[in-house]
Structure formats: C-alpha cells, structure tokens
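Below you'll find the structure, written out as structure tokens, and then a few comments.
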Amino acid sequence: MNDADVGKQVQQMVRFIQQEAEEKASEISVNAEEEFNIEKLQLVESEKKKIKQDYERKQKQVDVRRKIEYSMELNAARIKVLQAQDDIVWEMKESACKALLRVTKDTNVYRKILKSLIVQGLLRLREPSVVLRCREADRVHVEPVLEAAKKEYAEKSKVNIPKIMIDGKVHLPPQKTSDAAHGPSCWGGVVLASQDGKIVCDNTLDARVDVSFRQKLPEIRKKLYTKQQAPQ
C-alpha cells in the first residue's frame, strides 16, 4: 500500500472519529438539555407546591382568626342580650316593689296581707313560741291582726294558739327613700323565728317578690327572648 492509500485511510478514520465525536457531543447536549428541563420542571413544581402550602397555611390562619373574631363578637352580643334581659327583669322587680308600696299605704289591705304572711310563717315554723320582727312603722299594723292570725293558724294546724312575741329591739329596715339610696331596706312584711333563732321564716314582701321572680324567671326570660327574636 502506497502513501496515497495510507493517507486516504487516515483521513477516513479521522472523519469517522470526528463524526462519532460530533454525534456523541450532540447526544450529550440533548441529554443535558433534557435533564436540565426535567430538573427545572421539578424545581418549578416544588416551588409551586411550597407556595400552595404557604397559601393554604395562611388561609387556615385567616379562617381560624375569623372564627375566633366571630365567636368573640357572638359572645359579646349574647352578653349584651343577657345584660339587657337582666336589666328588664330588675326593672320589672323594682316596679313590682313600688306597686307593693302603694298596697302598704292602704291600711285595710296591708293588714290583711300582714295577717296572711304571719299565718304562712307560723304554718312553716310550727313552733309553740315565736319571735316576730317587722319594720318599726309596721308595728301599728301587726298588733291589731296578731290575735286573728294566731287563731287562724291554730284552727288550720289543729294545735294550741302559739305565743308570739314582737321583737321591740330589732326591727326590719325601713323602705327605700329613693332609687339612689343604699343600705338595707324592706318594703314590708314580717320575719318569724323560733325562740332559739335556729329556724327563721322570711316572709317580707321583698322575700315574696324574690321567690315569685325566681319561679317566674324562666318564663319571663323565654318571653323576652321570643320577643327579641320576633321579626320586625
């Protein structure tokens, strides 16, 4: 083989090697591009996922905060409603007590009430000897009905007429002189106690009003709530 043939073979081999190298380089470039695109897509998806998770976390925080604020506003509204109901009940109670004040000014009516209150107290105590306390101003009303009350109690209970001693040292407090007045007060009525003071029956008008309102309070609140919920 002469030099020319050898040169041709060498050139062919060089061209083959160059072609192989170019093809390999192109393959490497294509693979690198694909890997880059895949990695870029994964990074983009990963960032999207992080952003979505961060948004969901912040949205949950907003929802929780809204629920807390709503709950606080709802509780505040309920407290206002309850306070308004309590104010109305208190005003009703005050009105009832003031109505009783008018009753106490009618001598005949008030003495009948006092007699009934004394009999009720005796029926509860069922003691042979009782101490009675009243307002100092009410003594003139209690004394005239005392004997009749004792006899009525004795007839109802089928017992001997009890002994009732009006306490001349300790009196029930007087009624309020004004709405702004402070300290103990009493609208009228009596308090009966056993001789040893261990059993006490508070049959004042204030106590009777308190008992009535405690018994009627659920009904009063229900009516108030229904009225407030009614469409305007």
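In the numbering used here, the protein residues as written are 5 to 236. Idealized CB from N, CA, C, for every residue including glycine.
Asked                                                                                                                                                           : Found
Which residue spans inside the segment 149-178 form an unbroken beta strand (DSSP E) run of at least 3?                                                         : 167-170
If I follow the unbroken beta strand (DSSP E) through G193, where does it start and stop?                                                                       : G193 to S198
By Cβ distance below 6 Å, which residues in the same chain neighbour M169 in space, the five residues on each side in sequence not counted?                     : V135
Identify the continuous beta strand (DSSP E) that holds N207 and give its terminal residues.                                                                    : V204 to T208
According to DSSP, is S133 part of a helix, a strand, or is it coil?                                                                                            : strand
If you count every other CB in all the chains shown that lies within 10 Å of the CB of Q236, and 16 or more means buried, which is it?                          : Here the model assigns Q236 a pLDDT of 49, short of 50, so the residue's position is not dependable and the matter cannot be decided.
Does A197 pass the burial test, meaning 16 or more other C-beta atoms within 10 Å, or should it be called exposed?                                              : buried
What do you reckon, are the CB atoms on G201 and D142 nearer than 9 Å?                                                                                          : no
What do you get for K119, buried or exposed, if any count of 16 or more other CB atoms within 10 angstroms of its CB means buried?                              : buried
How close, in whole Å, do the beta carbons of P166 and Y157 come, if the pair is a contact with beta carbons under 8 Å?                                         : 7 Å
Could you compute how far the alpha carbon of R70 sits from the alpha carbon of Y59?                                                                            : 16 Å
Suppose you measure from the CA of R115 to the CA of L150; what does that come to, to the nearest Å?                                                            : 10 Å
Helix, strand or coil for C138 per DSSP?                                                                                                                        : strand
Roughly how many angstroms lie between the CA atoms of E73 and A80, to the nearest whole one?                                                                   : 10 Å
Please report the straight-line C-alpha distance between I21 and S30, rounded to a whole angstrom.                                                              : 14 Å
Mark A153 as exposed unless 16 or more other C-beta atoms lie within 10 angstroms of its C-beta, in which case mark it buried.                                  : buried
Exposed or buried, which one is T111 when buried takes at least 16 other CB atoms within 10 Å?                                                                  : exposed
Can you find the residues in the same chain that come closer than 6 Å, C-beta to C-beta, to D206, ignoring five residues on each side of it along the sequence? : V195
By Cβ distance, which residues of its chain are closer than 8 Å to V213, with the 5 residues on each side in sequence left out?                                 : K97, A100, C101, L104 and W191
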